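**Q** Supplied in structure tokens, the structure appears directly below.
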Amino acid sequence: MSFQTLPKVELHLHLEGAAPPSFIRGLGQEKGISLDGVFDDQGGYRFENFGQFLTVYEAACTVLQSPEDFRRLTLAVLEQSAAQGVVYSEAFLSPDFCGGGDLEAWKDYLAAMVEAANQAERDSGIVLKGVVTCIRHFGPEKAKKAATCAVETAGDFITGFGMGGDEMQGRQADFAYSFDMAREAGLALTTHAGEWGGAAEVWDAIRDLGVVRVGHGVHAINDPKLVEYLAEKGITLEVCPGSNVALGVYPDWQSHPVKKLRAAGVNVTLSTDDPPFFHTTLNREYDRLADTFGWDEEIFTQLNKTAANAAFCDAATRTKILEKLEPKT
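Here's what the structure looks like:
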């Protein structure tokens, strides 16, 4: 069964991590920047574990040096997403990669990304919102700079604040100041947790940062009380099965807990995380889940409605998304 034409919502997508390898390679050649060690013999991104993934990710980002680079990147990523049937997407945007966290530089980068998003919406109908993201292994002080960028540019396009990076560095609570700043500015909150650090990380994220969504969160399955709490409070998990399998969080698709979490009443959504790094697409995720768990179009439509209701957008945008998700009669 093909899910190509099924309208989809994607909530967990790193803008730089979604860059096609050919785009990064081409930009490196334009600028004369060496990308030794970034690509494998087949032209894909080269890494064998999560630590190497972060290193290669940051090396690939070295070619992204100007607002124009990010305008082109945003267009390339949205074209890729629209081809997968995505009608609404949220992308994690890192001021650290856009002028090093400097507010004035960030505003220039942001304007370029907004220009690209508007063009993509005109061309293909896809809607993009931005979630400013601090990077955990860069530390709490840099996170405050990212939060300042988020707060000062919050509005129609920048609607959320979150944290990515190495979950094993520091504690969620170390970043509470930045999340408090973002909350006071009216931004919705998410953070990566429960991908590597276990169920306790998810509890920390909820208690110490007050998030309404959790990136990954899959190790919540190991704590029945946490699963019950997530279901009761309606906290949404941004689940990325292909990413989890590719990085070895779970050995195979059959072992992945997304079906159990959903059956327990947890709000789960489906995303690709950093799709070219993990040799996946959103349609490929759907196909693998259909093959593994027997999920059909009706279940995927329900999952997309869950995502639409958890989206960091205004009510009018949400209504439009939900209308696009209704099956055509």
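So for the sequence shown, our numbering puts the first residue at 14; every next one is plus one.
All C-beta atoms, glycine included, are put in the ideal place defined by N, C-alpha and C.
Small disclaimer: the values here were computed from a predicted structure and weren't measured.
1. At the level of alpha carbons, what is the spacing between H347 and Y70?
2. Please confirm whether L274 and E298 have their CB atoms less than 9 Å apart.
3. Is K246 buried or exposed, if buried means 16 or more other CB atoms sit within 10 Å of its CB?
4. From the DSSP output, which residues share a beta bridge with S102?
5. Run through DSSP, which three-state label would F313 get?
6. Give a yes or no on whether 9 Å exceeds the smallest Cβ distance from A160 to chain B.
7. Measure the C-alpha to C-alpha separation of L19 and D300 and round it to an integer number of angstroms.
8. Using only the alpha-carbon positions, how far apart do F63 and G152 sit?
9. For A189, collect the residues of the same chain with a Cβ closer than 8 Å to its Cβ; drop the 5 residues on either side in sequence, then sort them by chain order.
10. What are the start and end residues of each continuous alpha helix (DSSP H) run of 4 or more residues lying completely inside the segment 119-187, in chain order?
11. Is the distance from the Cβ of A259 to the Cβ of F291 below 9 Å?
12. Indicate whether the contact test is met: 3 or more Cβ pairs, each with one atom in the segment 99-117 and one in the segment 18-35, closer than 8 Å.
13. Would you call Q182 buried or exposed, if buried means 16 or more other Cβ atoms sit within 10 Å of its Cβ?
14. Return the chain-ordered list of same chain residues with a C-beta closer than 7 Å to the C-beta of R59, the five sequence neighbours on each side being excluded.
15. Can you name, in chain order, every residue of its own chain whose Cβ lies under 6 Å from the Cβ of W119, other than the five neighbours on each side?
16. Output the boundary residues of the beta strand (DSSP E) element that contains N62.
17. Candidates A156, D169, V215, L202: which alpha carbon is nearest D187's?
18. Can you tell me the Cα-Cα spacing of V164 and L200, whole angstroms?
**A** So, from the listed chains and residues:
1. Because residue 347 is not part of the residues shown, which for the chain are 14 to 342, the question remains open.
2. no
3. exposed
4. E23, L141
5. helix
6. Among the chains of the structure shown, chain B does not appear; only one protein chain is present.
7. 12 Å
8. For F63 and G152, the distance between alpha carbons rounds to 18 Å.
9. D221, L222
10. 153-165
11. yes
12. yes
13. exposed
14. G50, V51, F52, D53, V69
15. Excluding sequence neighbours, W119 sits near P108, C111, G112, C162.
16. Note, N62: premise wrong, no beta strand (DSSP E); not H, not E.
17. Comparing Cα positions, the closest option is A156.
18. For V164 and L200, the distance between alpha carbons rounds to 8 Å.
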